[in-house]
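Before any comments, here is the structure.
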Amino acid sequence: MNEQQTAEATPETPQPAAVDPRLLVRQRGFAGYFGEFVRRIRGGELGSLPVVVGLVIIAVVFQLKNSSFLSAGSLANIGVYTSGLGIMAVGIVFVLLLGEIDLSVGSVAGVGAAVWAVLSVTHGVNDWLAVLIAIAAGAVIGVLHGFFFAKIGVPAFVVTLAGFLGWSGLQIWMMGKEGSINTPSGSLVENLTGYYFADKAAAYGLALIAVLAYAGSLLLDSRRRRAATLPSRPLSEILLRTGVVAVIAFAVAYVLNEPSGARGLPLALVLFLGVLVVADFVVRRTGYGRQIFAVGGNAEAARRAGINVNRVRITVFAISGMLAAFGGLFIASLSGGATKNLGSGNTLMNVIAAAVIGGTSLFGGRGKIWSALLGMLVIQSIQQGLNLLGMASEIQYMITGAVLLAAVVIDSVSRRTQKTAGRT
Amino acid sequence: MSATPVLALRGVSKRFGAVQALTDVTLEIRAGEVVALVGDNGAGKSTLVKTISGVHPVDDGVIEWEGAPVRITKPHDAQELGVATVYQDLALCDNLDVVANLYLGNELSTAGVLDEIAMEKRAKELLDTLSIRIPSVRIPVAALSGGQRQVVAIARALIGDPKIVILDEPTAALGVEQTAQVLDLVERLRERDLGVILISHNMADVLAVADRVAVLRLGRNNGVFDVADTSHEEIIAAITGADDNAVTRRKARTDQLKKEAGA
Chain A
0 MNEQQTAEAT PETPQPAAVD PRLLVRQRGF AGYFGEFVRR IRGGELGSLP VVVGLVIIAV
60 VFQLKNSSFL SAGSLANIGV YTSGLGIMAV GIVFVLLLGE IDLSVGSVAG VGAAVWAVLS
120 VTHGVNDWLA VLIAIAAGAV IGVLHGFFFA KIGVPAFVVT LAGFLGWSGL QIWMMGKEGS
180 INTPSGSLVE NLTGYYFADK AAAYGLALIA VLAYAGSLLL DSRRRRAATL PSRPLSEILL
240 RTGVVAVIAF AVAYVLNEPS GARGLPLALV LFLGVLVVAD FVVRRTGYGR QIFAVGGNAE
300 AARRAGINVN RVRITVFAIS GMLAAFGGLF IASLSGGATK NLGSGNTLMN VIAAAVIGGT
360 SLFGGRGKIW SALLGMLVIQ SIQQGLNLLG MASEIQYMIT GAVLLAAVVI DSVSRRTQKT
420 AGRT
Chain B
0 MSATPVLALR GVSKRFGAVQ ALTDVTLEIR AGEVVALVGD NGAGKSTLVK TISGVHPVDD
60 GVIEWEGAPV RITKPHDAQE LGVATVYQDL ALCDNLDVVA NLYLGNELST AGVLDEIAME
120 KRAKELLDTL SIRIPSVRIP VAALSGGQRQ VVAIARALIG DPKIVILDEP TAALGVEQTA
180 QVLDLVERLR ERDLGVILIS HNMADVLAVA DRVAVLRLGR NNGVFDVADT SHEEIIAAIT
240 GADDNAVTRR KARTDQLKKE AGA
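Residue numbers (numbering that gives the first Met the number 0), protein chains in the order written: chain A, 0 to 423; chain B, 0 to 262.
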C-alpha cells in the first residue's frame, strides 16, 4: 500500500506471476508520490480520480455557460439538496459493499416520510418521537428485506424490487385521500433542511475541528506505528494530506459564510457529514465493517472464518432501510411535506448512481463511504447547472443516465485492468 | 508421542440423501504428528474433513477431543476446540489485505475498534517465525502468487492457536518450488507440536512429510500405514483397491484355511 516505505526482501526464487515489484518500494518525497500515483492509475486503481476530474469539468463547463453556477447561493443549494439523497446513498454503499443491490430505497424513503407525517401531523405525536419511529420503520423494512434475502435465499434484486412496489403502495395508502401532508412550520423536519447556523463561527469552527481531527488522527496513527516499528507515513505526507483537507474545508466554509446572500452553515450538511463520518468509521475501523467487506469479497470464506453471514446481510439491509427513511425526511423537508409520490421518479436511480459514480464497485467488496458524497455532488451539480441553464427535465434524465453509464463503464474497465495487473 | 490422541473419530458415518458418504470411519491424530488422508476421488476425504471442521455434522459415531467425547455441529464449535481448517479453495477474501485475511473472524480490537497496528505487528511476527516471505502484509491477497496465497491461508489457520490443523489439498495447483515451500511449512507445523491432517493426491508429497497415512476407500477405512515401513505401492494398492481382487481374496481364503488347518 502507499504507506509502505520499504518492504521486506522479495523471495530470491523466481516466482511465476510475482507481484509487481513497484508495489514494494516507494521513493521518498514527491517523486515517490507521483510514481505511486502513475502505478495505481496503470493498475486500474482509479479511486476517486474520475469523480474529481468529472467535478472539475462540470464546474468549468457550467461556470462558462452561466456565471452564477459557482455563486454562494448555488453552491449552498447543491449542499442542501445533496444531503437527503446523499444519506440514502450511504445506505446504498453499504449494500453495494456486500455485492448486492437495494432497489427499494425510494419507496422506503416515501414510507419514512409518510410515517412521520401521519404520526406527527395527523395524530399529534411528539415530533422527535415521530421522527425516530419513521427511521425505525425504515430499519424494520430493511430487516424484512434482509430476512428474505439472507434466510430464504431470494435474490436481493427481486426482494427489493417487490419492496419497491409494495412499500410505495403502503405509502399511498397511508397518505390517504388528499395525498399530501404539509410540514408544519417550525417542526423538526422543516428544520432539517431549513435551518442554517447563521453565526459565521459555526462553519469555520466545524472546518477547523475537521482539519484538526484529521491531522490528529494521522499523527497519532503514525506515532503508534513508529512505536510498533511498522512502516509509517512520513511527516511530509501527513502535511500534504492535511493541507488538501484544510483547503477544501475552509473553502466550503468561506462560500457558506462570506458572499452576499450566504446563510451560513446548513444543518442538513452537518447531519450528512455526521452520517458520513460515522459510517466511514464503522466500515473501516470496526470488526463489523471488516465483516461487510469479507462477505462482499467472498461470502463462503467469510462463513468459514466464523462470520455470521446472515446477520451481516440482514443488518446491512436494515442500515440501508434506516438511512433511506432518514433521507426521506430530508426530501419531505425540502419539498414542504410528505406526499404520496415522494421518493418515486428518479430518486432511486440518483441514489444508486451516486454511489457508483463515487467509485463504489457494483461487484462488491470494493468502495468507500465517501463515494456517496462525491457521487451525489456530481449528480446534484449537473442538475443544478442544467436548471440554471433552463434545461428541461427530460434532458437532465438523459444526461444523468449517460453519467451513470460512464461510471459503470469505468468501474468495469478498471476491474478488468486490475485483474490483468493482478489486483482485485 | 502421547498416548491419548488429540482428536479421535470412532465409527463416524455420514449420509447425504441416497449417498452414504462415510461408513464407520475411524481416525486418530496425536500432537506433533502429520497424518495424511488419502483416497481416490469421492472416497470421502473432503466429507470427513468437513465433519471434523463442523461444516457437516456427523450422523453417527463419536468424536473425541483429548479423550473426551465432543459434539461438533457448526464451524464455530470446531474453532473453539482448536481445529483449524485450510480449504482446498483457499477461502481467502481477495479484496482484503494479508493482515485482514489472517485475522478474519478473529480480529483484535479494543472496545469494538480494530487494532490494526497490533494485528499488523503480530502478523509480521507470525509470518517471520514460519519463514513465510511475502512482499508486503498490506497488499490485497489477489496480488499474491498461488504459493503465497496458500502459505497465507495456512498461516491464517495458526492465528487462533489451534491444536489440529487440517490441510485440504494444499499443494494442488502449485509449482515445484511453491510445493516445496508449503511442505516446509507443514514440517514447521509439526515442530510446533501441532497435529496435522494432510489431504493430498500427490503420493510424493505425502511420503515426504507424513508420519502415518490413513487410506479411505468408498467412504470406509482401508488401512492406516506408518510411512517409515510402508512402500509407495502398498499405499497405492489400498487407495485403488488393487489389494481387493480375486487373487488377494483367494490368498486370504487359503491363508485362513491354512491357519485353521495348522490350528
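Here a beta-carbon is modelled for each residue, glycine too, at the ideal position from N, C-alpha and C.
Am I right that residue i and residue j are in contact with their C-beta atoms under 8 Å? What's the rounded C-beta distance?
| i | j | result |
| --- | --- | --- |
| A126(B) | A300(A) | The sequence as given places Leu at residue 126(B); Ala does not occur at that position. Contact flag wrong, Cβ pair sits at about 19 Å. |
| V188(A) | I140(A) | The pair is not a contact, with the Cβ atoms about 19 Å apart (cut-off 8 Å). |
| V140(B) | V151(B) | 6 Å |
| I86(A) | G344(A) | Incorrect: roughly 18 Å between the Cβ atoms, too far for contact. |
| A324(A) | A133(A) | 5 Å |
| I398(A) | L385(A) | 7 Å |
Which of the three DSSP states is assigned to residue i in this structure?
| i | result |
| --- | --- |
| G60(B) | strand |
| I100(A) | coil |
| K257(B) | helix |
| L333(A) | helix |
| I138(B) | coil |
| L22(A) | With a pLDDT of 44 at L22(A), under the threshold of 50, the modelled position of this residue cannot be trusted; read the value that follows with caution. If DSSP states are grouped into helix, strand and coil, L22(A) belongs with the helices. |
| P49(A) | helix |
| D183(B) | helix |
| N349(A) | helix |
| D160(B) | coil |
| E236(A) | helix |
| Y195(A) | strand |
| K44(B) | helix |
| A7(B) | strand |
| F224(B) | strand |
| A20(B) | strand |
| V82(B) | strand |
| G109(A) | helix |
| D410(A) | helix |
Can you tell which of the options has the C-alpha that lies nearest to the C-alpha of residue i?
| i | options | result |
| --- | --- | --- |
| N297(A) | L97(A), A136(A), I313(A) and L187(A) | L97(A) |
| E115(B) | V79(A), A391(A) and T285(A) | T285(A) |
| G83(A) | T241(A), Q382(A) and F329(A) | F329(A) |
| S186(A) | V311(A), G123(A) and G152(A) | G123(A) |
| L215(B) | Q255(B), G41(B), A260(B) and A207(B) | G41(B) |
| A227(A) | A241(B), A122(B), D192(B) and R9(B) | A122(B) |
| L157(B) | K258(B), T170(B), T84(B) and A260(B) | T84(B) |
| V226(B) | G240(B), A245(B), V246(B) and V205(B) | V205(B) |
| A293(A) | A278(A), V311(A) and V276(A) | V311(A) |
| R191(B) | E27(B), L8(B), G31(B) and D39(B) | G31(B) |
| I235(B) | M202(B), A251(B) and T247(B) | M202(B) |
| L333(A) | G78(A), I56(A) and L54(A) | G78(A) |
| P161(B) | R137(B), V246(B) and N105(B) | N105(B) |
| Y203(A) | G178(A), L239(A) and E257(A) | E257(A) |
| L436(A) | R39(A), R225(A) and V243(A) | Residue coverage of chain A in this structure runs from 0 to 423, which leaves residue 436(A) outside it and unanswerable. |
| F163(A) | F147(A), D101(A), Q383(A) and M390(A) | D101(A) |
| I409(A) | E393(A), G363(A) and G357(A) | G357(A) |
| T416(A) | I40(A), F33(A), F36(A) and G34(A) | I40(A) |
Does the distance from the C-beta atom of residue i to that of residue j stay below 9 Å?
| i | j | result |
| --- | --- | --- |
| L341(A) | A108(A) | yes |
| G179(B) | V37(B) | It is worth fixing the name first, because residue 179(B) is Ala in this sequence and not Gly. Contact: no. |
| A116(A) | G320(A) | no |
| L21(B) | V57(B) | yes |
| V24(B) | L6(B) | no |
| L107(B) | A99(B) | no |
| V114(A) | I368(A) | no |
| V208(B) | E186(B) | yes |
| D59(B) | S12(B) | yes |
| L218(A) | I237(A) | yes |
| T359(A) | V92(A) | yes |
| L188(B) | V33(B) | yes |
| S119(A) | P183(A) | yes |
| T81(A) | Q395(A) | no |
| T229(B) | S199(B) | no |
| S52(B) | I28(B) | no |
| L184(B) | A35(B) | no |
| L452(A) | L95(A) | Past the edges of chain A, shown from 0 to 423, lies residue 452(A), and the structure says nothing about it. |
| A206(A) | A155(A) | no |
| R148(B) | L101(B) | no |
| A261(A) | V254(A) | yes |
Quiz prompt | Segment contact flag, the region 48-66 of chain B with the region 264-282 of chain A, C-beta cutoff 8 Å, min 3 pairs | solution = Taking 8 Å as the limit for Cβ pairs, the verdict is that the region 264-282 of chain A does not touch the region 48-66 of chain B.
Quiz prompt | Inter-stretch contact at 8 Å, needing at least 3 Cβ pairs: the region 365-376 of chain A / the region 59-73 of chain A | solution = no
Quiz item: Using 8 Å as the threshold, is the region 187-203 of chain A in touch with the region 348-358 of chain A, meaning 3 or more CB pairs across them?
Solution: No, the region 187-203 of chain A does not touch the region 348-358 of chain A.
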